[in-house]
Amino acid sequence: MDIDWATTIINPKELIHISRGDHKVIYKYLIQFKELIPQRIDSLEKSLEAGNRKSVRQILHQMSPQLQFFGIKNIVSPIRRLEHEYETIPMVELNTLVDSILIKLNLAIEDVDLTLKKNF
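If you read the sequence shown in this note's numbering, its first letter stands for residue -1, the second for the next number, and so on.
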């Protein structure tokens, strides 16, 4: 059985490669994403509200490998920018960048939910 990847923001190429197409391994990674990312989104939102630039940077840095692994489109560049400029970037711009990242993360969660529902 092939997995139906009806995704809008996730590119499963790396996930398929790393898991060698093993559906059990893919399932494990999808579940892990579904469990970890919402928690980190919550932490990210709280840090942003508190104006805690360092915490925002740390959370994004922690999430970055997993987001790259899931091939989330147009997310690596803003995260890298925030990792390097978190101390100097104007707060309004920091909020705008993080908001765009949060939108993509929520879309990625929807992709994962849909993939799990359709295939597992």
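For glycine and all other residues, C-beta sits at the position ideal for the given N, C-alpha and C.
Just so you know, these numbers come straight off a predicted model, no measurement behind them.
In the DSSP assignment, residue 24 falls within the alpha helix (DSSP H) that extends over 21 to 47.
Judged by DSSP secondary structure, residue 18 falls outside any alpha helix (DSSP H); it is assigned neither H nor E. Excluding the 5 residues flanking it on each side, residue 12 has same chain C-beta neighbours closer than 6 Å at 67, 69, in chain order. Residue environment for residue 20: exposed (fewer than 16 other C-beta atoms within 10 angstroms of its C-beta). Straight-line spacing of the CA atoms in residue 97 and residue 104 works out to 11 Å. For residue 109, the uninterrupted alpha helix (DSSP H) segment begins and ends at 89 to 117. Of the candidates 115, 108, -1, the residue whose Cα lies closest to the Cα of residue 7 is 108.
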